Amino acid sequence: MTSYQYLSYVDLYKINNVNLDPFTEVFNDKFYLRYIYKWPHMNIVTKEIDGHISGYIIGKEEGLGADYHGHVTALSIEEDSRRTGKGVDLMNEFEKISRGIHMAKFVDLFVRITNEPAINMYRKLGYVVNEEIVNYYCGNESALDMRKYLDVPAAACVK
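For the sequence shown, position 32 matches number 32 in UniProt numbering, and the numbering has no gaps at all.
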């Protein structure tokens, strides 16, 4: 059984197995700690019954006015746990938080242009390509900037 919990600083030492994926962008501890401190409710891990972390999503809120949105910085699922719905669950929860708490207009993310399984998953979730960013990643690999516009409650539009 999998549980979903907010990412804590203790978890940083338990995500190495998830970060082994070549498509996963790995950050230093200071980067992760900044996210945990500034946007604690937007960073979630999947924990298995034995306590190991099988995936995570980290993100933040950014932009102003009509450009205010949730941004997925990284989503990664360990290889043995892929195609189990965990990535979809994490994305749905992130969208729910972005829409409900922050009343964001959309969620965006960058994905390696060669990461076809992730691109297909995002498309199934309703994400569309906003633009291609040439040489975004190390090794001169391009990224797709993908977006999904959210249905924001009517009360959120009145300010």
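Ideal placement from N, C-alpha and C gives every residue a C-beta, glycine not left out.
Note that this is a predicted model, so its numbers are computed, not measured.
Candidates the options: which alpha carbon is nearest residue i's?
i    : options              : result
N135 : I58, N120, I113, G55 : I113
L7   : I53, V26, M121, N17  : I53
R82  : Y56, G70, M103       : Y56
V10  : T2, K47, M1          : K47
H69  : D89, K96, G87        : K96
D21  : G51, A74, D108       : A74
R123 : I36, K148, I58       : K148
Using C-beta distances below 6 Å, list every residue in its chain close to residue i, excluding the 5 sequence neighbours before and after it, in chain order.
i   : result
W39 : K60
V88 : none
Does any CB atom of chain C fall closer than 8 Å to the CB of residue i?
i    : result
N140 : Among the chains of the structure shown, chain C does not appear; only one protein chain is present.
My assumption, with CB atoms under 8 Å, is that residue i sits in contact with residue j. Please give the rounded CB distance.
i    : j    : result
I133 : F110 : 7 Å
F94  : M146 : Rounded, the Cβ-Cβ distance is 13 Å, inconsistent with contact.
Where does residue i fall in DSSP's three states?
i    : result
G100 : helix
D21  : coil
M1   : coil
N92  : helix
For residue i, collect the residues of the same chain with a Cβ closer than 7 Å to its Cβ; drop the 5 residues on either side in sequence, then sort them by chain order.
i   : result
N92 : none
Output needed for residue i: all residues of its chain with C-beta closer than 8 Å, excluding positions within five of it in sequence on either side, in chain order.
i    : result
E141 : R112, I113, T114, N135
Checklist entry - Going along the chain, which unbroken runs of the beta strand (DSSP E) with 3 or more residues stay wholly within the segment 23–57? => result Here the runs fully enclosed are 44–47.
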